[in-house]
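*Asks:*
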Ligand code: GLU
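In full-length UniProt numbering, the protein residues as written are 1 to 473.
#1: Give the secondary structure of residue 237 by DSSP, where H, G and I count as helix, E and B as strand, and everything else as coil.
#2: Does the structure place the region 332 to 340 close enough to the region 82 to 97 that three or more beta carbon pairs sit under 8 Å?
#3: Over what stretch of residues does the beta strand (DSSP E) that includes residue 188 continue unbroken?
#4: With H, G and I counted as helix, E and B as strand and the rest as coil, what does DSSP make of residue 457?
#5: Under the criterion of a Cβ to heavy atom distance below 7 Å, does residue 365 qualify as lining the ligand GLU?
#6: CB-CB under 7 Å to residue 368, same chain, minus the five flanking residues each way: which ones, in chain order?
#7: With DSSP as the reference, label residue 256 as helix, strand or coil.
#8: Cβ atoms of residue 59 and residue 476: under 8 Å apart, would you say?
#9: Along the chain, where does the beta strand (DSSP E) that runs through residue 61 open and close?
#10: Quick check on the DSSP output: the beta strand (DSSP E) that includes residue 356 runs from which residue to which?
#11: Starting from the C-beta of residue 250, find all residues in its chain whose C-beta is less than 6 Å away, skip the five residues before and the five after it, and write them out in chain order.
#12: Counting along the chain, where does the beta strand (DSSP E) carrying residue 44 start and finish?
#13: Quick one: residues in its chain with C-beta nearer than 8 Å to the C-beta of residue 394, no 5 flanking neighbours on either side, listed in chain order?
#14: I need the boundaries of the alpha helix (DSSP H) containing residue 388, first residue and last residue.
#15: Do residue 240 and residue 198 count as a contact pair if the criterion is CB distance below 8 Å?
#16: Where does residue 150 sit, in a helix, a strand or coil, going by DSSP?
#17: State the start and end residues of the unbroken beta strand (DSSP E) segment that holds residue 96.
#18: Using 7 Å as the cut-off, classify the Cβ of residue 6 as near or not near the heavy atoms of the ligand GLU, replying yes or no.
#19: So the alpha helix (DSSP H) residue 35 belongs to, where does it begin and stop?
#20: Would you list the one or two residues that DSSP bridges to residue 480?
#21: DSSP on residue 131, reduced to helix/strand/coil?
#22: Between which residues of its own chain and residue 354 is the CB-CB distance below 8 Å, once the five residues before and five after are set aside?
#23: May I ask which residues mark the beginning and end of the beta strand (DSSP E) holding residue 72?
#24: Looking only at its chain, what residues have a beta carbon closer than 7 Å to the beta carbon of residue 255, apart from the 5 residues adjacent to it on each side?
#25: Answer yes or no: do residue 36 and residue 462 have a C-beta to C-beta separation smaller than 8 Å?
#26: Considering only the beta carbon of each residue, do residue 475 and residue 419 sit closer than 8 Å?
#27: Taking the straight line between their C-alpha atoms, what separation do you get for residue 301 and residue 322?
#28: Are there three or more Cβ pairs, one per stretch, closer than 8 Å when the region 198 to 214 is compared with the region 430 to 437?
#29: Would you say the beta carbon of residue 362 is closer than 7 Å to some non-hydrogen atom of the ligand GLU?
#30: On the premise that residue 50 lies in contact with residue 105, defined as a C-beta separation below 8 Å, what is that separation, rounded to the nearest angstrom?
#31: Check residue 123 in the structure and name its three-state DSSP category.
#32: Hey, does residue 153 have any beta-carbon neighbour from chain C nearer than 8 Å?
#33: Once you ignore the five residues that flank residue 129 on each side, which residues in its own chain have a CB closer than 7 Å to its CB?
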């Protein structure tokens, strides 16, 4: 996306602008605000990797935005568009995100400027391992220092390579598993991490749709059932969000990808679309939908909820006026430019901001990190105990009521918590709490929108940690 065409601001300036809007509601010394805003450390590196017969110079970054809590935390992005401004901005967003959902980390982000679609997996492995050893050399990775995770263009496979490289250079470190999150379950990952961001998006929007005052404001009925939704971007986040919305009874009327979009007013069967995508390599020409060649046009269709789940700056000053959604849920990081934000606010659109809505990923990363440090699977200690307790309780109830409960019902009631149950309930609770904290603050401080309220909440939390650290009393 051409930055100049879509916004007068750099990506980092966009976040600064949002930060400054929030700062108006706080009486905090300017120097302290400047310290919170600035990126603490930027590590930029070039390293050579032999690809085929050629030596290629790879450009890569790790940015630690804030050290007010340690370790730093944030994903690693593989994309040809990676640049310092982008990585700095995404690192800053991580700081605010973690503060909002009470995840005790400072924000960080990494990026490697490559197009993973055009590079063999052997070479991606080579690049990932070399990048990791550069991070180790500079002390930019470690369970208590800085903990990467997946982001755009990376996933479990890359996280495994990072862990393996770390372990081979830090053998004997009993906490080595906690040096990276988003690992496969067989490599110390946690059940539920893969779908966590998409599920968090679902929980956040569901919560909004259950608040009558908010729904009255945009003229919609309560609840998710029957709401018309458009999702842009079918990567890990968009895919899972689409699935959860579909299962909850919402109508996915359009799905947009790089190559184009598909539309069916009556609703798309999400799992069938994904099967079609898997078989043909594209969402286009799905039998039960119309193709939309210009994918950007899909954002402008009539709908209740629009979920941009791909990259930054997709809603900008040139298309904001044509957006018809009543609610926009920012599943991606920074999908709306400041100019577009103002236009949409005037139109009365509710924007659920990225620094809250896509925090599900880092929330479950936090659970994975805790699991790795405690060296025990969630539920291992209490599952059987809960089942025994439930059985005893049920027996008492059966005796008192003189009634037998069926085998099927018993199975449901007796079940103790598995890891996935605990992870999902922890995530659900986090997203519900986060939503109401932002909304309460928005109301009590008469803040104009959720984004500014979310920033105020985050800044307050960070200031609190600085004060507790004894810095800036
Ligand atoms: N990359 C994800 C994000 O932007 C997850 C970060 C993490 O789990 O540390 O929130």
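In this text, a Cβ means the ideal position worked out from N, Cα and C, and glycines have one as well.
*Replies:* Inspection of the coordinates gives the following:
#1: Residue 237 falls in the helix class under three-state DSSP.
#2: Between the region 82 to 97 and the region 332 to 340, the count of C-beta pairs closer than 8 Å reaches three or more; the two stretches touch.
#3: From DSSP, residue 188 is part of no beta strand (DSSP E); its letter is neither H nor E.
#4: Of the three classes helix, strand and coil, the one that applies to residue 457 here is helix, per DSSP.
#5: Under cutoff, so the answer is yes.
#6: The beta carbon of residue 368 sits closer than 7 Å to those of 181, 189, 190 and 193, all from its chain and outside the five residues before and after it, given in chain order.
#7: Residue state, collapsed to three classes: strand.
#8: The chain is shown only over 1 to 473; residue 476 falls outside these bounds and no answer can be derived.
#9: Element bounds for residue 61: 54 to 64.
#10: Premise fails: residue 356 lies in the alpha helix (DSSP H), 354 to 357, not in any beta strand (DSSP E).
#11: Spatial neighbours of residue 250 in its own chain (CB-CB distance under 6 Å, excluding positions within 5 residues in sequence) are listed in chain order as 224, 227 and 229.
#12: Element bounds for residue 44: 41 to 51.
#13: Answer for residue 394: 405, 410, 413 and 414, listed in chain order.
#14: Its alpha helix (DSSP H) spans residues 383 to 401.
#15: The beta carbons of residue 198 and residue 240 sit closer together than 8 Å.
#16: The three-state secondary structure of residue 150, taken from DSSP, is strand.
#17: Note, residue 96: premise wrong, no beta strand (DSSP E); alpha helix (DSSP H) at 84 to 100.
#18: Checking the Cβ of residue 6 against the ligand GLU gives no.
#19: For residue 35, the enclosing alpha helix (DSSP H) stretches over residues 30 to 37.
#20: The shown model of the chain, from 1 to 473, leaves out residue 480, and the question about it has no answer.
#21: DSSP places residue 131 within a helical segment (H, G or I) once states are collapsed to three.
#22: Counting only Cβ-Cβ distances below 8 Å, and skipping sequence neighbours, we find 93, 97, 330, 331, 332, 333, 334 and 335.
#23: Secondary structure note for residue 72: its beta strand (DSSP E) is the uninterrupted segment 72 to 78.
#24: In the same chain as residue 255, and ignoring 5 residues on each side of it, the C-beta atoms closer than 7 Å to its own belong to 231, 234, 242, 261, 262, 268, 273 and 283, in chain order.
#25: At the C-beta level, residue 36 and residue 462 come within 8 Å of one another.
#26: Because the chain in this structure spans residues 1 to 473, residue 475 falls outside the shown range and cannot be described.
#27: Each residue's Cα considered, the two are about 9 Å apart.
#28: Taking a cut-off of 8 Å on C-beta distances, the region 198 to 214 touches the region 430 to 437, as three or more cross pairs fall below it.
#29: Checking the Cβ of residue 362 against the ligand GLU gives yes.
#30: Between residue 50 and residue 105 the Cβ distance is about 35 Å, and since that is not below 8 Å, they are no contact.
#31: Residue state, collapsed to three classes: helix.
#32: The displayed structure is made up of one protein chain only, and chain C is not part of it.
#33: The residues are 161 and 165.
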